[in-house]
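These notes are about the structure you will find just below.
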Amino acid sequence: MLYDIYSERIERLMKIAYVTTFDARTLRDYNNWSGTGYYISQALKNQSIPLDYIGPLEDRLTLKFVSKLKNRYYKYLGKKYIKYVDPLISRDYARQITKKLNRIKSDVILSAGSDSIAYLECNQPIVFWADATFANIIDFYPMYSNLCKESLQNAHLLQSISLQKSQLAIYSSQWAAQTAIDYYNADPEKVKVVSFGANIESDHNIDEIKAAIESRPTNKCKLLFLGVDWFRKGGDVAIEVAEKLNNSGLKTELIIIGCQPNVDQPLPDFVQVLGFIPKSTPEGKKKIYQLLADSHFLILPSMADCSPIVFCEANSLGVPCISRRVGGIPTIIKDNFNGKLFDRDSNSTEYCEYIFNVFTNYTQYKELALSAFNEYESRLNWRVAGQKVRDLLVTNL
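At position 11 of the sequence shown the residue is numbered 11 (the working numbering), and the sequence of numbers has no breaks.
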């Protein structure tokens with residue numbers, strides 16, 4: 001009955017203009033936000049919410065030229081310039097959005113990320129769904145360190161305006177949401193948390209997941225590292241953990257996907273490097289998912305991360321995740337429910353002891369793996385995310 005009331009209100013009141021700087025209609029541009037923009041649109045459409053796509057937004061030639069000059073100037077000064085936070089770019093995005101809005105009838109503006117709607121003037125309520133604030137990522141990600149003063153000021157101004165202008169600010173983690181409140185003084189009533197789902201078309205049932213877990217070897221621990229940034233994702237720690245597990249008597253294999261390890265010594269025999277496998281192709285996606293399903297743990301001891309979708313994807317296949325307690329990761333991974341998080345200063349021995357103890361008590365491992373799948377089913381999928389956003393739109397706009 002309640003769902004029928006929601007559906008009726010959505011049908012009567014809510015048509016969304018969905019704003020993205022990229023093309024969110026397909027997964028052809030998968031590397032742009034790991035396909036999350038596409039999956040957001042599908043999650044909303046699956047809740048019977050009609051969408052008009054406002055995107056991709058154009059990066060105009062004149063602005064490209066200005067940005068190139070600024071980039072060269074600040075590079076000469078030894079600083080980094082971030083193009084997309086420049087008010088010239090943001091105001092031009094707003095003009096493009098307005099022009100497209102004039103051609104359609106929409107009730108709500110929903111933006112994937114917050115930067116493109118800062119200078120948008122419209123009658124409809126504005127909502128955005130993002131994985132971080134600028135305060136979160138500045139000096140957290142290497143590419144956002146050593147910024148020039150102009151980019152720093154622009155980034156914080158853009159974030160403040162977006163939060164003031166929006167009726168709802170939805171973040172994928174409590175870490176990001178709390179920063180919006182604490183750093184930018186956003187109204188706590190309009191700041192919400194909705195986790196992203198797994199960017200995977202998964203329809204596995206519990207029996208299939210149980211079978212996958214049972215098929216994993218009990219005499220060898222299979223770890224999977226999946227990331228494109230070796231140092232930021234903690235690849236050095238992953239190798240240390242695998243080495244110590246082998247030295248402790250637990251035969252361990254580490255498969256590395258996404259990057260080439262940056263190491264001084266030859267890689268040991270227990271490490272297998274598969275390089276970059278594109279998830280944008282059906283073959284690549286199938287291979288990655290099979291490697292995930294065959295693994296006992298996904299190990300990704302990130303030094304900096306917002307909301308890594310790969311954790312949700314691993315859980316969807318009954319694979320627990322090992323990582324660090326940084327950024328938005330604690331919203332995804334709950335200790336001993338779908339993996340284990342360690343502090344930034346934890347050493348590889350602590351990781352090793354946890355994995356060893358769980359694996360050598362294999363009944364405990366199987367319970368953890370099933371629990372990981374349950375976390376995916378109950379909160380880390382796009383069906384649940386779409387329902388939560390739908391409810392927020394209905395009750396808050």
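Glycine included, every Cβ here is placed at the ideal spot set by N, Cα and C.
| Item | Value |
| --- | --- |
| For residue 379 and residue 168, I'd like the C-alpha separation in whole angstroms. | 21 Å |
| Please state whether DSSP places residue 386 in a helix, a strand or coil. | helix |
| Secondary structure at residue 151, three-state DSSP: helix, strand or coil? | helix |
| Using three-state DSSP, classify residue 201 as helix, strand or coil. | coil |
| Can you list the alpha helix (DSSP H) stretches of 4 or more residues lying completely in the segment 51-130, in chain order? | 61-76, 87-101 |
| Less than 8 Å between the beta carbons of residue 224 and residue 239, yes or no? | no |
| Can you tell which of 40, 264, 81 has the C-alpha that lies nearest to the C-alpha of residue 170? | 40 |
| List the endpoints of the continuous beta strand (DSSP E) containing residue 285. | Careful: residue 285 lies outside any beta strand (DSSP E), inside the alpha helix (DSSP H) at 282-294. |
| Does the Cβ of residue 403 have 16 or more other Cβ atoms within 10 Å, making it buried, or fewer, making it exposed? | The chain is shown only over 1 to 397; residue 403 falls outside these bounds and no answer can be derived. |
| Around the Cβ of residue 165, are there at least 16 other Cβ atoms within 10 angstroms (buried) or fewer (exposed)? | buried |
| What are the start and end residues of the alpha helix (DSSP H) that includes residue 399? | Residue 399 lies beyond the residue range present for the chain, which begins at 1 and ends at 397; the question has no answer from this structure. |
| Just to confirm the assignment: which complete alpha helix (DSSP H) runs, minimum length 4, are found wholly within the segment 189-250? | 206-215, 235-247 |
| Using only CA atoms, which one of 382, 288, 23 lies nearest to residue 203? | 382 |
| So residue 131 packs on residue 176, CB below 8 Å; how close in whole Å? | 6 Å |
| Any idea if residue 143 is buried or exposed, counting beta-carbon neighbours within 10 angstroms, 16 or more meaning buried? | exposed |
| Would you mind giving the Cβ-Cβ distance between residue 186 and residue 109, rounded to the nearest angstrom? I have them listed as a contact below 8 Å. | Their Cβ separation, rounded to whole angstroms, is 18 Å, which puts residue 186 and residue 109 out of contact at 8 Å. |
| If you run the structure through DSSP and keep just helix, strand and coil, what is residue 279? | coil |
| Just to confirm my understanding: we take residue 318, look at its own chain, exclude 5 residues before and 5 after, and list those with CB closer than 7 Å. What are they? | 209, 212, 213, 369, 370, 372, 373 |
| Roughly how many whole angstroms lie between the Cα atoms of residue 36 and residue 196? | 8 Å |
| For the beta strand (DSSP E) holding residue 379, just list the boundary residues, first then last. | From DSSP, residue 379 is part of no beta strand (DSSP E) but of the alpha helix (DSSP H) over 362-379. |
| With burial defined as no fewer than 16 other Cβ atoms inside 10 Å of the residue's Cβ, what is the status of residue 313: buried or exposed? | buried |
| Can residue 19 be considered in contact with the ligand NAD, in the sense that its beta carbon sits closer than 7 Å to one or more heavy atoms? | With respect to the ligand NAD, the structure shown offers nothing to examine, as it has no ligands at all. |
| Count the CB pairs spanning the segment 111-129 and the segment 85-103 that are closer than 8 Å, and state whether there are at least three. | yes |
| I think residue 234 touches residue 324, with their Cβ atoms under 8 Å apart; what is that distance to the nearest whole Å? | 7 Å |
| Please report how far the alpha carbon of residue 3 lies from the alpha carbon of residue 102, in whole angstroms. | Per-residue confidence for residue 3 stands at a pLDDT of 49, beneath the threshold of 50, marking its modelled position as unreliable; no derived number is given. |
| So residue 351 packs on residue 333, CB below 8 Å; how close in whole Å? | That belief does not hold up - the Cβ atoms of residue 351 and residue 333 are roughly 14 Å apart, past 8 Å. |
| Tell me the residue span of the beta strand (DSSP E) that contains residue 322. | 321-324 |
| Determine the direct distance from the alpha carbon of residue 157 to that of residue 172, and round the result to whole angstroms. | 21 Å |
| Taking only the alpha-carbon atoms, compute the straight-line gap between residue 263 and residue 230 and give it to the nearest angstrom. | 10 Å |
| Can you round the beta-carbon distance between residue 413 and residue 89 to whole angstroms, since I take them to be within the 8 Å contact cut? | The first residue shown for the chain is 1 and the last is 397, placing residue 413 beyond what the model contains. |
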